[in-house]
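Note sheet for the following structure.
Residue numbers (this note's numbering), protein chains in the order written: chain A, 1 to 457; chain B, 1001 to 1161.
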């Protein structure tokens, strides 16, 4: 077992992921000049990422629980492949303190933040505490409330509408919006029942309900000493049931003072915890009140990192590898320039006409768009079998231009050109979103898409 | 043994309509593995998988049938009428329970279904490699201490039945 004090090494990277992000990391390894080995399930043995890497190692059956989520299999694959580092991508083990710990124990470099930070940001409570300590605004809310009467008193102070939330738990269970005092008693009782049923815990509290919120996040990178840079923000407000569909950089139509404050908050939080990798700090912006508050930190590379790369010219995955190898941040904040506007549409193997049911299967025709200012990150190709075992993302179609309107036009053209035959995709749907007047005018918010009438062909 | 497409469809339906969560059929010519529900591809019960798995390898959640064709990497097994035992996980393969001990099996050993033929270690955890069918060991494909991938053929048996 090697010492934890040994200098980190990144000369050959085990990529513990699949799909487009595995391919993206292979490319970054080439850029940085290090080896790349891909760990695959049997379902992905013949994937583009596996074929592009120096070597692919089969770590288990298709079920993620028995392959991509198995720490022992991933670590063993790194050893078998002669790797000194593990890149977890996003999802799967990307935020697993257990994998980060196992890397330390086995003398491997985890390409991501330390296990300490993964634990800190993995808990809603400790993440909020860290944000509070760094002076980052939190959503207006209460402590645990004893009963509906206490909730009514607290809501009078917060101002309606309010959201009843369970203290422990997540995923929307036990949450109720209350828009007037007379609804409180019934809503509180229902929320309590749901919280007990879902989490075995009756503790509830209130937060101010933000009816129209934009999801704004800040891309950051830290060197572990407290120095943290930001690479501007992204707006990811176009969501379907909390799944992002369209993302853009920079966040449009934010008052300059608000935008600066959000970016400074992200840097302050990450600096205060000596953040040591790339990451994203997510905020909700209250459109009506013109303020913002902390949501969470995603301590990993994100799906939508590409739009930030397009407006900064910076390869964030290559930066992540260099930081993992102990290199310093290569720029000052002033040297990070944000130019133009970039937008991304996620294309999923889902059928919008069948309630977004996943549509795995064989891709019989594959013609992704190309051209100036267009970028497509995808692991798909003609003849590729989209397996039914994993998430349905098949391509991220991006466009960059001098301004937002030009980027929208360019992306609409790219989506119109995109042909994926053999399976149903969300291409047409995301194209329609771009054409919405509300999207052009930046009147959209996180619940906007769910309120739009579902288009029918 | 020959299996028509409609037989395969009927087989899948039969498994689907029953309480069976896992169905494995190994013949000298092909293998079928069907898993359904929560039991689908649990990693506790190593079964002879279809050689190096194809992209359409069988697994949960829907009942899926393996293609009868064995992958090109090990063309010999089927042709020679042999049954393969494959690695249940990635790790280091050991032929004996501990250093210096007698190996679980050697060339010519008679193996019964369910018998341990080796161990695979990943991060100090040992998993037994069990024979999915009985037979006589005809080929040992890896050596003691070799790294093996999930699904990698380890031992080939001549079926006794």
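Where is the CB? At the ideal position from N, CA and C, for every residue including glycine.
So what's residue i in DSSP terms, helix, strand or just coil?
i                      : result
residue 420 (chain A)  : strand
residue 199 (chain A)  : helix
residue 175 (chain A)  : coil
residue 1153 (chain B) : strand
residue 459 (chain A)  : Lying before the first or after the last residue shown, residue 459 (chain A) is absent from chain A, which here runs from 1 to 457.
residue 1072 (chain B) : Because residue 1072 (chain B) carries a pLDDT of 39, less than 50, the predicted location of this residue cannot be relied on, and the following value inherits that uncertainty. The answer is coil: DSSP assigns residue 1072 (chain B) none of H, G, I, E or B.
residue 1160 (chain B) : coil
residue 389 (chain A)  : coil
residue 1053 (chain B) : Here residue 1053 (chain B) scores only 36 on pLDDT, less than 50, and its place in the model should not be relied on; the value that follows carries that caveat. Coil at residue 1053 (chain B), not helix or strand.
residue 442 (chain A)  : coil
residue 351 (chain A)  : strand
residue 142 (chain A)  : coil
residue 236 (chain A)  : strand
residue 522 (chain A)  : Past the boundaries of the shown model lies residue 522 (chain A); chain A is included only from 1 to 457, so the question cannot be answered.
residue 345 (chain A)  : strand
residue 365 (chain A)  : strand
residue 456 (chain A)  : Confidence in residue 456 (chain A) is poor, its pLDDT being 43 and thus under 50, which makes the residue's placement too unreliable to answer from.
Taking 8 Å as the threshold (C-beta atoms), are residue j and residue i in contact?
i                      : j                      : result
residue 1123 (chain B) : residue 72 (chain A)   : yes
residue 231 (chain A)  : residue 243 (chain A)  : no
residue 1093 (chain B) : residue 60 (chain A)   : no
residue 1103 (chain B) : residue 1095 (chain B) : yes
residue 1085 (chain B) : residue 1128 (chain B) : no
residue 421 (chain A)  : residue 363 (chain A)  : yes
residue 92 (chain A)   : residue 100 (chain A)  : no
residue 249 (chain A)  : residue 307 (chain A)  : yes
residue 343 (chain A)  : residue 408 (chain A)  : yes
residue 12 (chain A)   : residue 35 (chain A)   : yes
residue 259 (chain A)  : residue 251 (chain A)  : yes
residue 323 (chain A)  : residue 277 (chain A)  : yes
residue 441 (chain A)  : residue 10 (chain A)   : no
residue 1152 (chain B) : residue 1077 (chain B) : no
Against residue i, what residues of chain B qualify as contacts under a CB-to-CB distance less than 7 Å, listed in chain order?
i                     : result
residue 221 (chain A) : None at all; the shortest Cβ gap to chain B is about 31 Å.
residue 268 (chain A) : Per Cβ cutoff of 7 Å: no residues; residue 268 (chain A) is ~38 Å from chain B at best.
residue 109 (chain A) : None at all; the shortest Cβ gap to chain B is about 17 Å.
residue 364 (chain A) : Near residue 364 (chain A) there are no residues of chain B at all, since even the closest Cβ is about 15 Å away, more than 7 Å.
residue 426 (chain A) : Here the premise fails: no neighbours, minimum Cβ distance about 22 Å.
Buried or exposed: where does residue i fall if 16 or more other Cβ atoms within 10 Å of its Cβ makes it buried?
i                      : result
residue 1118 (chain B) : buried
residue 320 (chain A)  : buried
residue 193 (chain A)  : exposed
residue 302 (chain A)  : buried
residue 359 (chain A)  : buried
residue 1048 (chain B) : Low confidence applies here, because residue 1048 (chain B) scores a pLDDT of 35, under 50, leaving its location unreliable and the question unanswered by this model.
residue 425 (chain A)  : buried
residue 87 (chain A)   : buried
residue 156 (chain A)  : exposed
residue 213 (chain A)  : buried
residue 299 (chain A)  : buried
residue 1143 (chain B) : exposed
residue 14 (chain A)   : buried
residue 1126 (chain B) : exposed
residue 1114 (chain B) : exposed
residue 402 (chain A)  : exposed
residue 189 (chain A)  : exposed
residue 253 (chain A)  : exposed
For a contact meaning CB atoms closer than 8 Å, what does residue i contact in chain B?
i                     : result
residue 80 (chain A)  : 1090, 1147 and 1149
residue 409 (chain A) : Within 8 Å Cβ-Cβ: nothing; residue 409 (chain A) doesn't reach chain B, min ~38 Å.
Against residue i, what residues of chain A qualify as contacts under a CB-to-CB distance less than 8 Å, listed in chain order?
i                      : result
residue 1123 (chain B) : 71, 72, 75, 76, 102 and 106
If I follow the unbroken alpha helix (DSSP H) through residue i, where does it start and stop?
i                     : result
residue 100 (chain A) : 97-105
residue 41 (chain A)  : Here residue 41 (chain A) belongs to no alpha helix (DSSP H); instead the beta strand (DSSP E) covers 35-41.
residue 448 (chain A) : 448-451
residue 435 (chain A) : 427-435
residue 80 (chain A)  : 71-80
residue 156 (chain A) : 148-158
residue 125 (chain A) : 124-133
residue 308 (chain A) : 305-312
residue 377 (chain A) : Segment 374-377 is the beta strand (DSSP E) holding residue 377 (chain A); no alpha helix (DSSP H) there.
Tell me where the beta strand (DSSP E) around residue i begins and ends.
i                      : result
residue 241 (chain A)  : Run containing residue 241 (chain A): none; DSSP gives neither H nor E here.
residue 1128 (chain B) : 1125-1130
residue 1138 (chain B) : 1135-1140
residue 402 (chain A)  : Taken as a continuous stretch (DSSP letters only), residue 402 (chain A) belongs to no beta strand (DSSP E), as it is neither H nor E.
residue 12 (chain A)   : 12-15
residue 1086 (chain B) : 1083-1086
residue 224 (chain A)  : It is not in any beta strand (DSSP E) - residue 224 (chain A) carries neither H nor E in the DSSP assignment.
Could you check whether the Cβ of residue i sits closer than 7 Å to any heavy atom belonging to the ligand FAD?
i                     : result
residue 206 (chain A) : The ligand FAD is absent from the structure shown, which contains no ligand whatsoever.
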